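Going from the sequence shown to the numbering used here is simple: count from 1 and add 202.
We put the CB at the ideal spot given by N, CA and C, even for glycine.
Predicted model, so just to flag it, every value in this text is computed and none were measured.
What follows is a single structure, written as structure tokens, with notes after it.
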Amino acid sequence: MNKEIRELSPKAVWNKFVDLNAVPRPSKKEARVIEFMLDFGKSLNLDTFQDEVGNVIIRKEGSNGMKDRKMVTLQSHLDMVHQKNNDTVFDFDSEGIAMIVNDDWVKAKGTTLGADNGLGVAAIMALLESTDIAHPPLEALFTIDEETGMTGAMGLKAGILQGKILLNLDTEEDDELDIGCAGGIDITATRRYNGKPVPRSVVPYEIQVSGLQGGHSGIDIHRGLGNANKIMNRLLYNASNAHMVRICEIEGGSLRNAIPRESTAKLVVLKSQTEAFEADLREWSETIKEELSVQEPNLQVTLQTTKAPNMVLGLGAQERLLKGLYAAHNGVYAMSAAIPELVETSNNLARVSVGNGLIEIGCLTRSSVNSAKMDLANALKSTFELARCQVVFSGSYPGWSPNPDSAILEITKKKYKALFGEQPKVVACHAGLECGILGQNYPEIDMISFGPTIMGAHSPDERVSISSVQKFWKFLLAILKEIPKA
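Below you can see the structure in the form of structure tokens.
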């Protein structure tokens, strides 16, 4: 089925994307894609090497007539978010992505596509392999682990890069030029608990929340999409207040940068209350569905009996967990006062896991203002500590401060207008781009970010516009011709 993708235009880019998507490349497991990229650069007899943390750097001299131009660093990340639908049988560690064409879109069969940021990688590969494209001296920087910590960008030492201009190819709207982004911090709350014996005269149930859109916890956070962990907690909170209910297990969400689409909880209900419990759950579910009918038309809440559990949470631990999760902020926290319609600060309640004596909660807090990021992080820390959890901050990374006087911004604005007859949108985004981190060790490098239109990133609905890839490629090649002399 990927043969159809290889015939799309521009073939040079799509063929490299198919090749890349044949290589499993989950975050923190990039050994195979690193080897793939090293082999690629060496096969072209280009200066190719790997740094201490696993980033791959490939350099290519300028084409004839452009060797005296400033060197351009082209940057994209190698890893991809791994998400799949519950009914999709797929092993991300061993299988390549199966892709299909649907009108103007390319998407995967029940999994994330890897267009984020695989199409940026593929475009760079196509440039490195080309023999007939005019370009200045090029330096390709392929970073690792962008999606779960940005450790590749953080670990890149000063003095390695030689480029004077950096083009980050990780923006997901083809009419935008990105000059700023949010920073982020991971919050992990844990608590050990002693399981209690299952009460007598109870019926075991399983509740499942599914059918949500999910999406990117930065790009999509303002859309008011349903969060499976919040929905499940609301159901369990109501059930705990109205009936004799004891929680056994909860599994909701997965990756911190993905809005959780599904959650499953196992619980027991006193036999004498099962009829009332089932009726109430239907009523609560319908209320939530009605509230989210516009944003989440496919939301489903299912209830079924299941096998009896071995243990349940103690009443004290259960009450603190449900209240803590209810109080924890999720979604937009503050809008930017400086940039219209930009989310300044947000939190994604990404993961809730309860079972085998351990409660674990994972969040990703983002903000374009570092002090605001830490303010919300501390609010969440306080909330979870009141629920008697231990709270750890990790993976903090800075935002990227916009530079409206950037020389490469002026070049790209003029070229976009000349090519497409309209002004591009100059924006800052609420996602985490690696530019802010790279700028710490390379403060003099002039940076901008752009890319093709990608929808539903970090979810199995991820898709990329074919016509947008054509537009992106045309724009990229035109920019490279305009790079000034060194």
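If you draw a 10 Å sphere on the C-beta of residue 427, you find 16 or more other C-beta atoms in it, and that means buried. Straight through space, the alpha carbons of residue 314 and residue 386 are spaced by roughly 23 Å.
Under the DSSP definition of a beta bridge, residue 279 partners with 345. Residue 632 sits close to residue 384, with the two beta carbons spaced by under 8 Å. DSSP, reduced to helix, strand and coil, places residue 672 within a helical segment of the structure shown.
Straight-line spacing of the CA atoms in residue 209 and residue 216 works out to 8 Å.
Each of 618, 402, 299 and 461 was checked against the Cα of residue 417, and the nearest Cα belongs to 461. The DSSP-derived three-state label of residue 591 is coil. Cβ neighbours of residue 398 within its own chain (closer than 6 Å, five residues either side excluded): 514 and 516. Here the stretch 501-515 makes no contact with the stretch 534-554; the two share fewer than three CB pairs at distances below 8 Å.
By the criterion of a C-beta distance shorter than 7 Å, residue 500 is surrounded in its chain by 413, once the five residues flanking it on both sides are discounted. Counting C-beta atoms within 10 angstroms of its own C-beta, residue 232 has 16 or more neighbours from the protein chains shown and is therefore classed as buried.
Residue 476 has its alpha-carbon roughly 15 Å from the corresponding atom of residue 509.
When the Cα atoms are used, residue 654 and residue 669 turn out to be separated by approximately 9 Å. Leaving aside the five residues that flank residue 441 on each side, the residues in its chain whose CB is nearer than 6 Å to its CB run, in chain order, 447. Residue environment: residue 306 is assigned as exposed (fewer than 16 neighbouring CB atoms within 10 Å of its CB, all protein chains considered). The closest CA to that of residue 219, considering only 276, 407 and 316, is found on 316. Where residue 370 is concerned, the enclosing beta strand (DSSP E) starts and stops at 367-370. Its chain contains 285, 462, 552 and 553 as the residues whose beta carbon lies nearer than 8 Å to that of residue 456, once the 5 sequence neighbours on both sides are disregarded; these appear in chain order.
Residue ranges of uninterrupted beta strand (DSSP E) with 3 or more members, entirely inside the stretch 502-549 and ordered along the chain, are 502-507 and 533-537. If you draw a straight line from the Cα of residue 243 to the Cα of residue 250, it is about 6 Å long.
Residue nearest to residue 390 within the set 659, 302, 667 and 586 is 586 (criterion: CA-CA distance). Runs of the beta strand (DSSP E) lying entirely within the stretch 351-413 and spanning at least 3 residues, in chain order: 367-370, 378-383, 385-394 and 404-412.
If you draw a straight line from the Cα of residue 380 to the Cα of residue 369, it is about 10 Å long. Note on the stretch 252-305: whole beta strand (DSSP E) runs with a minimum of 3 residues are 258-262, 274-279 and 301-304, in chain order. In the structure shown, the three-state DSSP call for residue 629 is strand.
Between the stretch 258-275 and the stretch 339-349 there are three or more C-beta pairs closer than 8 Å, enough to call the two in contact. By the Cβ neighbour-count rule, residue 415 is buried, with 16 or more other Cβ atoms within 10 Å of its own. Between residue 224 and residue 240, the alpha-carbon positions lie close to 16 Å from each other. The beta carbon of residue 658 lies closer than 7 Å to those of 417, 664 and 665 in the same chain, with the five residues before and after it left out. A check of alpha carbon separations from residue 572 across 375, 598 and 584 identifies 598 as the nearest.
A direct Cα-Cα distance of roughly 20 Å separates residue 320 from residue 681.
Restricting attention to beta strand (DSSP E) runs no shorter than 3 residues, the stretch 555-600 encloses them at 560-569 and 592-599, ordered along the chain.
Inclusion of residue 407 and residue 503 in the CB contact set at 8 Å is not warranted, their separation being larger than that value. Inter-residue distance for residue 361 and residue 214 is about 32 Å (C-alpha atoms, whole angstroms). CA-to-CA, the gap between residue 649 and residue 248 works out to about 24 Å.
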